[in-house]
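**Student:** Starting off with a structure, shown below.
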């Protein structure tokens, strides 16, 4: 029988979200129903509400989530009711050209649930990033469920579903930061601080956090920054060079998504160094750089998709590190809220007052 649950819906561009009754269909082939325990409030959800992703309203928001599998489709293997899972928005297909090359973290044909959840009047919902987790239960593709240690706190580990994984992976997977390396992270919100924490875990010895907000710079120190730069008062490029022997950092992670900060990242790296863009830009933004500088500096300019993660590999590993006390996921949880508080949480997030608000069900 279809189920009725409560969830947070964005009905139109820029409109306040509303708590609505939602119908979940019976689970079908390749699908799973997951009872959500916790879901982080990510900036991507606000992008959806503002029409910055697409215009396929109404959206069922939320995607940074952990919960317990309630039911699975008849053909699903390796996943059972009662499994504790983190939801991921890149369920790899195993068949596309990236997967067949042994690079499934670049999968070009990720998949979601086939059926649609609906409002009371039958209107189909577009789930944010194919998940839609500001809801008591959600319908996803079984491959979007990654089993992890059931003793882990869902408030903390659910954040691996998007922002924390994106930042950690930008530094470690995409940037390849390692022992003895230097790294600068421009933008010390949730994603940027996850990059800092990842760099510290990987053995980087010079870790520089850059931001315009003193609160965020204090957060950066908490997650492992050895130095911080207030770019309102100091030229960040010159400051990063000064902190790295005049050369620039081996890796610079740009976690803002702005042309001016990307240019700072480009010039703040060492020769043959790497720039990683993980901040999400809006479509109209453009970067202009002299081609001779691109050629002459060598190295790599990379974009990081979801931290170039493979959920089946990375989520359990990071949860284990969290359980061992080596990766402070609890530190990203600024406050816990209810489903009815999501609109207020958007305002708090926009003001920069939290790393993450987390909806607890």
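In full-length UniProt numbering, the protein residues as written are 1 to 361. Glycine is no exception: its CB is placed at the ideal position from the N, C-alpha and C atoms.
Using three-state DSSP, classify residue 227 as helix, strand or coil.
**Tutor:** Walking along the chain shown from the start, residue 227 turns up at place 227. DSSP, reduced to helix, strand and coil, places residue 227 within a strand of the structure shown.
**Student:** Assuming contact is defined by CB atoms lying nearer than 7 angstroms, are residue 173 and residue 308 in contact in what I supplied?
**Tutor:** As a position in the chain shown, residue 173 is number 173, starting the count at 1. As a position in the chain shown, residue 308 is number 308, starting the count at 1. Yes, the Cβ-Cβ distance between residue 173 and residue 308 is below 7 angstroms.
**Student:** Considering only C-alpha positions, which residue in the set 195, 340, 156 and 215 is nearest to residue 323?
**Tutor:** Locating residue 323 in the chain shown gives position 323, where the first residue counts as 1. That would be 156, whose Cα lies nearest to the Cα of residue 323.
**Student:** Going by DSSP, name the residue or residues bridged to residue 209.
**Tutor:** For the purposes of this step, residue 209 is taken as the residue at position 209 of the chain shown. BP columns for residue 209 point to 185 and 228.
**Student:** Determine the closest residue to residue 338 out of 2, 311, 7 and 54, with distance taken between C-alpha atoms.
**Tutor:** Position 338 of the chain shown, counted from the start, is the residue given in the question as residue 338. Among 2, 311, 7 and 54, the Cα nearest to that of residue 338 is on 7.
**Student:** With a Cβ-Cβ cutoff of 7 angstroms, do residue 299 and residue 255 count as a contact?
**Tutor:** For this step, residue 299 is matched to residue 299 along the chain shown. For this step, residue 255 is matched to residue 255 along the chain shown. For residue 299 and residue 255, no; Cβs fall outside 7 angstroms.
**Student:** Touching or not, the stretch 104 to 121 and the stretch 41 to 51, by the rule of three or more beta carbon pairs under 8 angstroms?
**Tutor:** Fewer than three pairs of CB atoms, one per stretch, sit closer than 8 angstroms, so the stretch 104 to 121 makes no contact with the stretch 41 to 51.
**Student:** Between residue 149 and the rest of its own chain, which residues show a CB-CB distance below 7 angstroms, the 5 nearest in sequence each way excluded?
**Tutor:** Within the chain shown, residue 149 is the residue found at index 149, counting from 1. 319, 320 and 323.
**Student:** Can you tell me whether residue 370 is helix, strand or coil according to DSSP?
**Tutor:** Residue 370 cannot be examined here, being either before or after the span of the chain that is shown, 1 to 361.
**Student:** Can residue 64 and residue 130 be called in contact, C-beta distance under 7 angstroms?
**Tutor:** As a working note, residue 64 is residue 64 in the chain shown. As a working note, residue 130 is residue 130 in the chain shown. Not in contact: residue 64 and residue 130 (Cβ atoms no closer than 7 angstroms).
**Student:** According to DSSP, is residue 144 part of a helix, a strand, or is it coil?
**Tutor:** Numbered from its first residue, the chain shown carries residue 144 at position 144. In the structure shown, the three-state DSSP call for residue 144 is helix.
**Student:** Could you spell out where the beta strand (DSSP E) holding residue 151 opens and where it closes?
**Tutor:** Sequence index remark: in the chain shown, residue 151 carries index 151 (1-based). Premise fails: residue 151 is in no beta strand (DSSP E) and is neither H nor E.
**Student:** Less than 7 angstroms between the C-beta atoms of residue 171 and residue 200, yes or no?
**Tutor:** Translated into the one-based positions of the chain shown, residue 171 becomes position 171. Translated into the one-based positions of the chain shown, residue 200 becomes position 200. The answer is no: Cβ separation not under 7 angstroms.
**Student:** When DSSP labels each residue in this structure, what does residue 7 get in the three-state scheme?
**Tutor:** Here residue 7 refers to the residue found at position 7 when the chain shown is read from its first residue. Residue state for residue 7 is assigned as strand, using DSSP reduced to three classes.
**Student:** Between which two residues does the alpha helix (DSSP H) harbouring residue 312 extend?
**Tutor:** On the chain shown, position 312 is the one that residue 312 refers to. Its alpha helix (DSSP H) spans residues 311 to 323.
**Student:** Please state whether the Cβ-Cβ distance between residue 74 and residue 92 is less than 7 angstroms.
**Tutor:** Walking along the chain shown from the start, residue 74 turns up at place 74. Walking along the chain shown from the start, residue 92 turns up at place 92. In this structure, residue 74 keeps its C-beta atom at 7 angstroms or more from the C-beta atom of residue 92.
**Student:** When the Cβ atoms of the stretch 48 to 61 are set against those of the stretch 11 to 20, are three or more pairs found closer than 8 angstroms?
**Tutor:** Verdict: yes, contact present.
**Student:** My assumption, with CB atoms under 8 angstroms, is that residue 248 sits in contact with residue 215. Please give the rounded CB distance.
**Tutor:** Counting from one through the chain shown, the residue named residue 248 turns up at place 248. Counting from one through the chain shown, the residue named residue 215 turns up at place 215. With 8 angstroms as the limit, residue 248 and residue 215 do not qualify as a contact, their Cβ atoms being about 27 angstroms apart.
**Student:** Helix, strand or coil, according to DSSP, for residue 172 in the structure here?
**Tutor:** Counting from one through the chain shown, the residue named residue 172 turns up at place 172. Reduced to three states, the DSSP call for residue 172 is helix.
**Student:** Quick one: what does DSSP say residue 297 is sitting in, helix, strand or coil?
**Tutor:** Working through the chain shown from its first residue, we reach residue 297 at position 297. Residue state, collapsed to three classes: helix.
**Student:** Is the distance from the Cβ of residue 280 to the Cβ of residue 257 below 7 angstroms?
**Tutor:** Here the question's residue 280 lines up with position 280 in the chain shown. Here the question's residue 257 lines up with position 257 in the chain shown. Yes, these two residues count as a Cβ contact at 7 angstroms.
**Student:** First and last residue of the alpha helix (DSSP H) that includes residue 45?
**Tutor:** Here residue 45 refers to the residue found at position 45 of the chain shown. Element bounds for residue 45: 43 to 49.
**Student:** Under 7 angstroms between the Cβ atoms of residue 217 and residue 144?
**Tutor:** Translated into the one-based positions of the chain shown, residue 217 becomes position 217. Translated into the one-based positions of the chain shown, residue 144 becomes position 144. For residue 217 and residue 144, no; Cβs fall outside 7 angstroms.
**Student:** How many Å lie between residue 340 and residue 346 at the Cα?
**Tutor:** Counting from one through the chain shown, the residue named residue 340 turns up at place 340. Counting from one through the chain shown, the residue named residue 346 turns up at place 346. Looking at the two C-alpha atoms, the distance is approximately 12 angstroms.
**Student:** Among residues of its own chain, excluding the 5 on either side of residue 423, which ones have a beta-carbon nearer than 7 angstroms to its beta-carbon?
**Tutor:** Since the first residue shown for the chain is 1 and the last is 361, residue 423 is missing from the structure and cannot be characterised.
**Student:** Is the CB-CB distance between residue 207 and residue 224 below 7 angstroms?
**Tutor:** Looking up residue 207 in the chain shown gives position 207. Looking up residue 224 in the chain shown gives position 224. Yes; because the gap between Cβ atoms is below 7 angstroms, this pair is in contact.
**Student:** I need the boundaries of the alpha helix (DSSP H) containing residue 260, first residue and last residue.
**Tutor:** Residue numbering aside, residue 260 sits at position 260 when the chain shown is read from its first letter. Residue 260 -> alpha helix (DSSP H) spans 259 to 268.
**Student:** Since residue 115 and residue 139 are thought to touch, with beta carbons under 8 angstroms apart, how far apart are those beta carbons, to the nearest angstrom?
**Tutor:** Reading the chain shown from its first residue, position 115 is the one you call residue 115. Reading the chain shown from its first residue, position 139 is the one you call residue 139. So it is a contact: roughly 6 angstroms between Cβ atoms.
**Student:** Restricting to Cα atoms, I'd like to know which of 106, 96, 147 and 102 is closest to residue 34.
**Tutor:** For the purposes of this step, residue 34 is taken as residue 34 along the chain shown, with counting starting at 1. Taking only the C-alpha atoms, the option nearest residue 34 is 147.
**Student:** Looking only at its chain, what residues have a beta carbon closer than 6 angstroms to the beta carbon of residue 179, apart from the 5 residues adjacent to it on each side?
**Tutor:** In the chain shown, the residue the question calls residue 179 occupies position 179. These residues qualify, in order along the chain: 203.
**Student:** Given a cut-off of 7 angstroms, decide if residue 142 and residue 191 are closer than it, judged by their beta-carbon atoms.
**Tutor:** Here residue 191 is taken as the residue at index 191 of the chain shown, counted from 1. Here residue 142 is taken as the residue at index 142 of the chain shown, counted from 1. No.
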